[in-house]
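Start counting the sequence shown at 1; every next residue gets the next number (our numbering).
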Amino acid sequence: MDPISTLLAGKTIQGVTRGLLRALESDSEQVSEITDSTDSAGQSTSESSSSGDFDVYLRGLLHPGADNQVSEEALYAALLQERIQSLKGEEGGSEFQAKLAERKAELTRADGYVAVEDAANQAMMDLVEAGVLTEEEASTVKAQSFRAAQLDDNLSALYDGRGGPGDPTIAVADMESALVTARSLIQQLEDGTLELTDEDLQAASGDGETITPSGTSVDGNEGFVFKPESDSDGRLVVILPADLTNQISDVLLKDEDDTILERGRMSGVANGGREHFRFEQAGGDYPENLTVEVRMTNGEILSYEIPNPSERYD
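(1) Using the three-state DSSP reduction, which class does Leu158 fall into: helix, strand or coil?
(2) Starting from Phe224, follow its DSSP beta bridges and name the residues at the other end.
(3) Can you give the Cα-Cα distance for Lys227 and Asn121, rounded to whole angstroms?
(4) Any chance the segment 221 to 236 sits against the segment 263 to 283, with 3 or more Cβ pairs inside 8 Å?
(5) Kindly identify the DSSP beta-bridge partner or partners of Phe277.
(6) Which residue spans inside the segment 44 to 129 form an unbroken beta strand (DSSP E) run of at least 3?
(7) Looking at the strands, I want to know which residues DSSP matches up with Val251.
(8) Quick check: what's the CA-CA separation for Ser156 versus Ala149?
(9) Suppose you measure from the CA of Thr134 to the CA of Thr140; what does that come to, to the nearest Å?
(10) Under 7 Å Cβ to Cβ from Asp250, same chain only, skipping five residues before and after it: list those, please.
(11) For Glu33, I'd like the list of residues in its chain whose CB is within less than 7 Å of its CB, leaving aside the five on either flank, ordered along the chain.
(12) Would you mind reading off the limits of the alpha helix (DSSP H) that contains Val141?
(13) Under three-state DSSP, which class holds Thr17?
(14) To the nearest angstrom, report how far apart Ile306 and His276 are at their CA atoms.
(15) Near Phe54, what residues of its chain come up, given a Cβ to Cβ distance below 6 Å and the 5 sequence neighbours on each side ignored?
(16) Keeping to the same chain, check which residues put their C-beta closer than 8 Å to that of Asp233; ignore five residues upstream and five downstream.
(17) Following the continuous alpha helix (DSSP H) through Glu176, name the residue where it begins and the one where it ends.
(18) If we count Cβ pairs, one from each stretch, closer than 8 Å, do we get three or more for the segment 68 to 79 versus the segment 109 to 121?
(19) Can you find the residues in the same chain that come closer than 7 Å, C-beta to C-beta, to Gly161, ignoring five residues on each side of it along the sequence?
(20) Identify every residue that forms a DSSP beta bridge with Leu302.
(21) Looking at the ligand PLP, does it come within less than 7 Å of Asn246, judged from the CB to the closest heavy atom?
(22) Once you ignore the five residues that flank Ser310 on each side, which residues in its own chain have a CB closer than 6 Å to its CB?
(23) Whole angstroms is fine: what's the gap from Gly89's alpha carbon to Thr297's?
(24) Measure the Cβ-Cβ separation of Asn308 and Glu288 and say whether it is below 8 Å.
(25) Using the rule of at least 16 other Cβ atoms within 10 Å of the residue's Cβ for burial, across every protein chain shown, is Tyr159 buried or exposed?
(26) Can you give me the C-alpha to C-alpha distance between Thr181 and Leu87, rounded to a whole angstrom?
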């Protein structure tokens with residue numbers, strides 16, 4: 001081949017090569033765009049699926065009325081179950097659901113009203129006592145659910161949808177809005193863009209106070225009584241103040257390691273309208289530095305310290 005033909009052939013090959021390289025680069029960019037688009041769509045689908053699962057799960061637990069509205073208390077109970085299931089799996093969620101049903105049945109009044117928040121808090125205490133949740137886990141679950149169940153501007157309380165004459169404590173929303181709000185808050189709590197405050201933890205805890213006696217004196221006449229040997233059977237009886245009557249869910253004896261030793265049996269109301277709780281042994285048979293833990297239906301706890309259970313405290 002003469003020099004000119006050789007030169008022309010070389011230029012032709014270079015032109016073809018450059019064309020092929022440009023085509024390959026273009027294809028690579030298109031593939032990259034498709035991959036990025038696919039990744040983005042996959043992430044969006046995953047987020048949508050997660051949101052959908054959350055909504056479907058809560059819809060199965062919430063039962064709005066004809067107006068399609070749900071209350072803060074009902075949303076709180078549903079969120080507790082969702083949080084427990086997320087933490088402990090289906091078995092944990094089912095255990096809470098069963099305990100909640102039991103507590104709701106116990107708290108159902110003659111007119112059909114149920115204090116759902118109280119029942120839910122008692123069910124949470126049942127799960128801690130059964131070892132399903134630790135105290136720390138229960139505290140976090142309650143605080144998250146309490147925060148995400150807020151449907152009004154009052155972030156320190158939960159309200160039902162009942163209210164009544166002179167009772168404005170109602171907080172409801174249509175179910176779609178309630179689910180959107182709850183889902184958003186739970187996602188923010190999980191990804192760290194929203195953190196629980198001390199106020200959130202305190203509002204959800206229901207913690208009460210610890211009463212330390214002065215000698216053997218607690219609160220004087222008509223108040224708390226720790227009687228080591230009752231007149232009827234010689235066993236321990238605990239009598240509680242009249243202003244707590246019909247508000248008590250459990251009375252427990254705990255040792256100084258916070259281990260539950262025994263649950264009291266409510267035997268009636270007497271001595272000035274005060275509830276009596278009886279136990280299986282005389283006071284002196286229990287260890288020193290005992291605590292009488294009074295659990296209220298609203299989730300609050302009163303703890304009475306009993307240094308020497310063989311003595312009477314009142």
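Think of the CB as a built atom: it goes at the ideal place given N, C-alpha and C, for glycine as much as any other residue. Note that the structure is a prediction, hence the values are computed from the model and not measured.
Reading off the structure:
(1) coil
(2) Answer is none; Phe224 lacks a bridge partner.
(3) 29 Å
(4) yes
(5) Val238 and Met266
(6) 69 to 71
(7) Val294
(8) 11 Å
(9) 10 Å
(10) Arg263 and Arg295
(11) Summary for Glu33: the model assigns pLDDT 43, below 50, so the residue's position carries little reliability, and this model does not support an answer.
(12) Glu135 to Ala148
(13) Low local confidence applies: a pLDDT of 47 at Thr17 is under 50, so the model's placement there is unreliable, with the coordinate-based value given in what follows. Here Thr17 sits in helix by DSSP.
(14) 17 Å
(15) Arg183
(16) Arg278
(17) Met175 to Asp191
(18) yes
(19) Gln69, Ser71, Ile170 and Val172
(20) Glu209 and Val294
(21) Absence of the ligand PLP from the depicted structure is noted, as is the absence of any ligand whatsoever, leaving it without description.
(22) Pro228, Gly283 and Gly284
(23) 27 Å
(24) yes
(25) buried
(26) 21 Å
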